[in-house]
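Residue numbers (UniProt numbering): 1 to 347.
So the structure is just underneath, and the comments pick up after that.
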Ligand SMILES: [Zn+2]
């Protein structure tokens, strides 16, 4: 097991720790576990040891009604300010658990057992949590880090293949923005990684979490450096919201478009741009989408990351180095039309 401690947030991430050891990390107080229906089906024997609350699966449940239902059940179960909430699941469960824990009786301690690749490398690090508001993603929420996150590679074995690929999309992003060596590691080990070789997966999750931790430590409230983690996400979120693509798949397409823009605006050389599409293809991630430029542009205007008439857009100077570029929203809209007109192919 490898431990990453985020000092400023007093939060620990245990990579390679068995979820069965979670009791060693829980404080001595009442604990209520929150999971979704899927996780309960797979791990009911483990979950039955706890007092638990089950929420619905899927992004459609990431809303205010779910928060109300969970608060109702917490009250029924006699939760008070001294209760610990343990989220077990992927990004949805950690977003919801972290948010409920942050607002219930002005805040409870909480931790996660992270069960998806996406949440192990992304959602559970950095203390962002919250729910959607109508069609707007993550509109209500708060920055508040968990006490701990357990990332057990064993849990990844039960994931559907598509969800695993989605998680790789996020890992690949970390390589592109911050770590050229991670790019080579992914390229060299793609087959073993796609087969979820547990030693390599532990290594991979550790590297991705370390990158995210380093960025988040330097910028806990997303004022500067941390914005780089949004590489591929500005257009990616627009596509995710208007298609059937998963988060990682939509981010893959978003990164392709951002890479093309980087060639145009940030001197990314075209060999690097080709490497980007080739690595995403290696991990069976899509390069194309069927959302119209108009739909994407409408979404960009509503996106919370927009700052008056400009958007801070993340571009690449090269593989392993990102740059924050402020683009006027009208200019970006024109670029989106151009980007969407050309189909993408891997070299
Ligand atoms: Zn993401």
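Heads up, the beta-carbon is just placed ideally off N, CA and C, and yes, glycines get one too.
Keep in mind it's a predicted model, so treat the numbers as computed, not measured.
By alpha-carbon positions, which one of the options ends up nearest to residue i?
i	options	result
residue 128	96, 261, 224	96
residue 267	321, 145, 301	321
residue 131	258, 271, 22, 59	59
residue 333	173, 164, 234	234
residue 61	42, 94, 49	94
residue 8	218, 245, 229	218
residue 75	318, 100, 264, 89	100
residue 167	181, 323, 209, 139	209
residue 34	83, 237, 225	83
residue 151	181, 175, 201	201
residue 4	279, 203, 302, 319	203
residue 48	300, 299, 88, 228	88
residue 32	67, 73, 43, 301	73
residue 350	279, 23, 340, 299	What the structure shows of the chain is the stretch from 1 to 347, and residue 350 is not part of that stretch, so it cannot be assessed.
residue 67	133, 80, 6, 39	133
What separation, rounded to the nearest whole angstrom, lies between the Cα atoms of residue i and residue j?
i	j	result
residue 247	residue 46	28 Å
residue 326	residue 313	6 Å
residue 351	residue 144	The first residue shown for the chain is 1 and the last is 347, placing residue 351 beyond what the model contains.
residue 243	residue 292	10 Å
residue 197	residue 191	9 Å
residue 111	residue 343	43 Å
residue 13	residue 222	20 Å
residue 51	residue 21	17 Å
residue 205	residue 171	8 Å
residue 345	residue 270	13 Å
residue 2	residue 17	8 Å
residue 294	residue 257	15 Å
residue 53	residue 70	7 Å
residue 264	residue 317	11 Å
residue 57	residue 277	31 Å
residue 126	residue 220	7 Å
residue 104	residue 65	15 Å
residue 195	residue 149	24 Å
residue 27	residue 275	46 Å
residue 207	residue 182	8 Å
residue 37	residue 25	24 Å
residue 184	residue 272	13 Å
residue 139	residue 63	10 Å
residue 290	residue 169	19 Å
Could you check whether residue j and residue i sit closer than 9 Å to each other, using their CB atoms as the reference points?
i	j	result
residue 117	residue 159	yes
residue 78	residue 29	no
residue 253	residue 286	yes
residue 147	residue 11	yes
residue 177	residue 231	yes
residue 135	residue 241	yes
residue 156	residue 213	no
residue 216	residue 120	no
residue 283	residue 165	yes
residue 361	residue 92	Since the first residue shown for the chain is 1 and the last is 347, residue 361 is missing from the structure and cannot be characterised.
residue 259	residue 296	no
residue 224	residue 324	yes
residue 180	residue 319	yes
In the structure shown, what three-state DSSP assignment does residue i receive?
i	result
residue 231	coil
residue 109	strand
residue 284	coil
residue 221	coil
residue 44	helix
residue 141	strand
residue 268	coil
residue 114	strand
residue 151	strand
residue 12	strand
residue 61	helix
residue 136	strand
residue 195	coil
residue 342	coil
residue 25	coil
residue 92	helix
residue 246	coil
residue 174	helix
residue 80	coil
Considering residue i, what are the terminal residues of the beta strand (DSSP E) in which it resides?
i	result
residue 316	310 to 318
residue 5	2 to 6
residue 19	Run containing residue 19: none; DSSP gives neither H nor E here.
residue 125	Where residue 125 is concerned, there is no enclosing beta strand (DSSP E), given that its DSSP letter is neither H nor E.
residue 86	84 to 89
residue 72	Where residue 72 is concerned, there is no enclosing beta strand (DSSP E), although the alpha helix (DSSP H) it sits in stretches over 64 to 76.
residue 33	31 to 36
residue 51	51 to 55
Within the continuous alpha helix (DSSP H) that includes residue i, where are the two ends?
i	result
residue 297	293 to 302
residue 321	No alpha helix (DSSP H) holds residue 321; the beta strand (DSSP E) holding it covers 321 to 328.
residue 185	180 to 188
Beta-carbon of residue i versus every beta-carbon of chain C: anything under 9 Å?
i	result
residue 320	Of the protein chains in this structure there is only one, and it is not chain C.
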